[in-house]
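One structure is given here, and the rest of the page talks about it.
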Amino acid sequence: MDVLQIVQELGDQLVAWRRDFHMHPELGLEEHRSAGIVAEILRGLGYRVQEGVAQTGVVAVLENGPGPVVMSRVDMDALPIQEANDVPYVSQNPGRMHACGHDAHMAIGLGVATLMAQHRDAWSGTLKLIFQPGEEGADGAALMIKDGVLEDPRPDVALAVHVWNKNPVGTFGATAGPVMAGAEFWEATITGKGGHGAMPEQTVDPVVVAALTVNALQTVISRNVSALDTAVVTVGALLSGDAFNVVPDSATLRGTIRTYSLETRDTVLRRVREIIEGTAQMMGAEATLDLYPLTPALVNDAKITALVRDVVADLFGADALKEDVRTMGSEDAAFFLQEIPGCFIFVGSGYTDREAPAHHNAHFDIDERALVNGVAVVVESLRRLMPIDRG
Ligand SMILES: [Zn+2]
Ligand SMILES: [Zn+2]
């Protein structure tokens, strides 16, 4: 089985699928059209299909002899963005756009499903395909796990792909260890005492407390986290007051924290809390902190990542492997990979002759050759994870 050749033959179909999904983007947990198309194709290929998992998710299982259970996950949701591209396949839904590449992921997922079903003589085991809704902040992965997607049968290994415009098409990132950050949002409310802007001595000024707090928070990364470790503390909003001559009553800070390990996460969260509460106390104000955990860090298993790297090198040459592809962004496939050892693969989708638009940008688009590349790496990895001859 020459994987690259049989995937090439599917190339036009992959582009057609991707463009159809691109023209009809749907927000998280509203992917009814997308899920319907996916389910119909999977049923036609002979998969056992379950719809409505976590509202709009689709799970498809193909039992093909003895061997391990391997899952491959793609996400389906679009973003609330008005597409600014002038292309024949531009979004037909106002204010909705596939600006992260999840349209490409669905096409890759269907390509993988097609080839694995057509070439059952080339592998032995159980393939579990997961088409996940609501990756962009709608908790889709966690909801699917709550709906039992990791049981009956429980996967032994998990794969997931993301097209990646930062890297040119033809390259791949498969890095062992943490590759995407654990993320939380936080909100601090600083309560002071308002009054006349000309008589600050009669007030407890929350704006000054907020300013001191923002500055002090900069020391968490510089003084509490090892220079060899990785973390981010960002203040994204500072909201207080609206007049020239009034000291407001309160101030609100909002921000995000990103970390690669649980220990660092604990340290950063502790210091953020101490600084917010301590600065307020020092200034005679009061502060409360609310934390909103989003995703854990996404950690790639060393052994499975090594297998995927071998696949990339064998199919595309060792030069196609980009080292150390990691980001402080977050991704809820982390919930799956927290339970099942696996590999999250970055499939280069940027242009080779000019800078590619960033993910979540109104001009986002990909080099569609990434579709064939993504299918090839996943299919060959699945074949090696579920070999016919296990010696
Ligand atoms: Zn995204
Ligand atoms: Zn994404």
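By this note's numbering, the letter at position 151 of the sequence shown is numbered 137, and the numbering carries on one by one without gaps. C-beta: ideal position from N, C-alpha, C; glycine also. It should be emphasised that the depicted structure is a prediction, and the values quoted were computed from it without experimental measurement.
Cβ neighbour criterion (16 or more within 10 Å) applied to N201: The sequence position of residue 201 within the sequence shown is 215, counting from 1. Its Cβ having fewer than 16 others within 10 Å, N201 is exposed.
Spatial distance of V358 from V206 (CA atoms): As a working mapping, residue 358 is identified with position 372 in the sequence shown. As a working mapping, residue 206 is identified with position 220 in the sequence shown. Using only the alpha carbons, I get a separation of about 44 Å.
Ranges of the alpha helix (DSSP H) found wholly within the region 96 to 137, counting only runs of at least 4: Counting only runs of 4 or more, we get 126 to 132.
For R312, three-class secondary structure by DSSP: Locating residue 312 in the sequence shown gives position 326, counting from the first residue. Under the three-state reduction of DSSP, R312 is assigned to coil, being neither helix nor strand.
Residue(s) in a DSSP beta bridge with L224: Taking the first residue of the sequence shown as position 1, residue 224 is located at position 238. In the DSSP assignment, L224 forms a beta bridge with L239.
Close beta carbons around A356, own chain, < 7 Å, minus the five adjacent residues each side: As a working note, residue 356 is residue 370 in the sequence shown. Sequence-distant Cβ neighbours of A356 in its own chain, meaning closer than 7 Å and more than five residues away, are A90, V149, V155, V333, G334, S335.
Cβ-based burial, K114 [other Cβ within 10 Å; buried from 16]: Reading the sequence shown from its first residue, position 128 is the one you call residue 114. Counting other Cβ atoms within 10 Å of its Cβ, K114 reaches 16 or more and is therefore classed as buried.
Cut-off 8 Å between Cβ atoms - residues of its own chain near T253, not counting five sequence neighbours on either side: For the purposes of this step, residue 253 is taken as the residue at position 267 of the sequence shown. Counting only Cβ-Cβ distances below 8 Å, and skipping sequence neighbours, we find N210, V211.
DSSP beta-bridge partners of A283: Taking the sequence shown and counting its residues from 1, one reaches residue 283 at position 297. Looking at the DSSP output, A283 sits in no beta bridge, so it has no partner there.
Three-state secondary structure assigned by DSSP to S335: The sequence position of residue 335 within the sequence shown is 349, counting from 1. Strand.
Simplified DSSP assignment, three categories, for N71: Counting from 1 along the sequence shown, the entry for residue 71 is found at position 85. Coil.
Coarse secondary structure for D276, derived from DSSP in three states: Within the sequence shown, numbered from 1, the residue matching residue 276 stands at position 290. The DSSP-derived three-state label of D276 is strand.
Straight-line Cα distance separating A184 from L280: Position 294 of the sequence shown, counted from the start, is the residue given in the question as residue 280. Position 198 of the sequence shown, counted from the start, is the residue given in the question as residue 184. Their backbone Cα atoms lie some 43 Å apart in a straight line.
Distance CB(M57)-CB(P141) smaller than 7 Å: Counted from its first residue, the sequence shown places residue 57 at position 71. Counted from its first residue, the sequence shown places residue 141 at position 155. Cβ distance < 7 Å, so M57 and P141 count as in contact.
Backbone CA spacing between L0 and I261 [nearest angstrom]: Along the sequence shown, read from residue 1 onward, the residue named residue 0 stands at position 14. Along the sequence shown, read from residue 1 onward, the residue named residue 261 stands at position 275. Our two residues, L0 and I261, have alpha carbons roughly 51 Å apart in a direct line.
Inter-residue Cα distance where the pair is E272 and R256: Counting from 1 along the sequence shown, the entry for residue 272 is found at position 286. Counting from 1 along the sequence shown, the entry for residue 256 is found at position 270. In a straight line, the C-alpha of E272 is about 17 Å away from that of R256.
Coarse secondary structure for L(-4), derived from DSSP in three states: On the sequence shown, residue -4 is found 10 positions in, with the first residue counted as 1. Look at L(-4) here: in three-state DSSP terms it is coil, with no helix or strand label.
Spatially closest choice to P327 from E170, T291, A344, by CA coordinates: Locating residue 327 in the sequence shown gives position 341, where the first residue counts as 1. Distance from the Cα of P327 is smallest, within the candidate group E170, T291, A344, for T291.
contact_flag[the region 343 to 355, the region 166 to 184] where n(CB pairs < 8 Å) is 3 or more: The region 343 to 355 is not in contact with the region 166 to 184.
Length at least 3, wholly inside the region 11 to 77: the beta strand (DSSP E) runs in chain order: If only complete runs of 3 or more residues are kept, the region 11 to 77 shows the beta strand (DSSP E) at 34 to 39, 43 to 50, 55 to 61, in order along the chain.
Same chain only: Cβ atoms within 8 Å of P343, ignoring 5 sequence neighbours per side: As a position in the sequence shown, residue 343 is number 357, starting the count at 1. Setting aside the 5 residues that flank it on each side, P343 is surrounded in the same chain by N151, H349, F350, D351, each with a C-beta closer than 8 Å to its C-beta; the list follows chain order.
Straight-line gap, Q324 to L(-4) (C-alpha atoms, nearest Å): As a first step, residue 324 must be located in the sequence shown, where it is residue number 338. As a first step, residue -4 must be located in the sequence shown, where it is residue number 10. Per the coordinates, the alpha-carbon of Q324 lies some 33 Å from the alpha-carbon of L(-4).
Beta-carbon proximity list for V384, same chain, < 8 Å, skipping 5 on both sides: The question about residue 384 has no answer here: the residues shown for the chain are numbered -13 through 377.
Meets three-Cβ-pair contact criterion under 8 Å: the region 212 to 230 and the region 130 to 137: Too few Cβ pairs lie closer than 8 Å, so no.
Beta strand (DSSP E) segment containing P154, residue limits: Counting from one through the sequence shown, the residue named residue 154 turns up at place 168. Unbroken beta strand (DSSP E) run through P154: 143 to 154.
Residues bridged to E173 (per DSSP): Translated into the one-based positions of the sequence shown, residue 173 becomes position 187. Beta-bridge pairing links E173 to R240, D276.
Distance, L301 Cα to R106 Cα: On the sequence shown, position 120 is the one that residue 106 refers to. On the sequence shown, position 315 is the one that residue 301 refers to. If you take the alpha carbons of R106 and L301, they lie about 20 Å apart.
Spatial neighbours of V427 in its chain, beta-carbon cut-off 7 Å, leaving aside the 5 residues before and after: Any question about residue 427 goes unanswered here, given that the chain covers just -13 to 377.
Minimum C-alpha distance to F158 - residue among V364, V298, P11, A362: The count along the sequence shown starts at 1 and reaches residue 158 at position 172. Nearest C-alpha to F158 among V364, V298, P11, A362: V298.
Beta-carbon separation (whole angstroms), M83 vs L48, contact threshold 8 Å: Counting from one through the sequence shown, the residue named residue 83 turns up at place 97. Counting from one through the sequence shown, the residue named residue 48 turns up at place 62. The C-beta distance from M83 to L48 rounds to 32 Å, too long to meet the 8 Å contact threshold.
Through-space distance from V45 to V(-11), alpha-carbon basis: As a position in the sequence shown, residue -11 is number 3, starting the count at 1. As a position in the sequence shown, residue 45 is number 59, starting the count at 1. Rounded to the nearest angstrom, the two C-alpha atoms are 24 Å apart.
Close Cβ partners of R259 (< 7 Å) along its chain, the five nearest in sequence each way excluded: Start at 1 with the first residue of the sequence shown, and residue 259 comes out as number 273. Within the same chain, R259 has close Cβ partners L275.
Alpha-carbon spacing of D231 relative to H182, whole angstroms: Position 245 of the sequence shown holds residue 231. Position 196 of the sequence shown holds residue 182. The identity of residue 231 in the sequence shown is Asn, whereas the question assumes Asp. A straight-line Cα-Cα distance of about 6 Å links N231 and H182.
Closest by C-alpha distance to P80, when choosing among G123, A70, C86: To locate residue 80, count along the sequence shown from 1; it is residue 94. Closest in C-alpha terms to P80, from the list G123, A70, C86, comes A70.
Beta-carbon separation (whole angstroms), A108 vs R369, contact threshold 8 Å: As a first step, residue 108 must be located in the sequence shown, where it is residue number 122. As a first step, residue 369 must be located in the sequence shown, where it is residue number 383. Right, their Cβ atoms sit about 6 Å apart.
Opposing strand residues paired with P164 [DSSP bridges]: Locating residue 164 in the sequence shown gives position 178, where the first residue counts as 1. Paired residue(s): V285.
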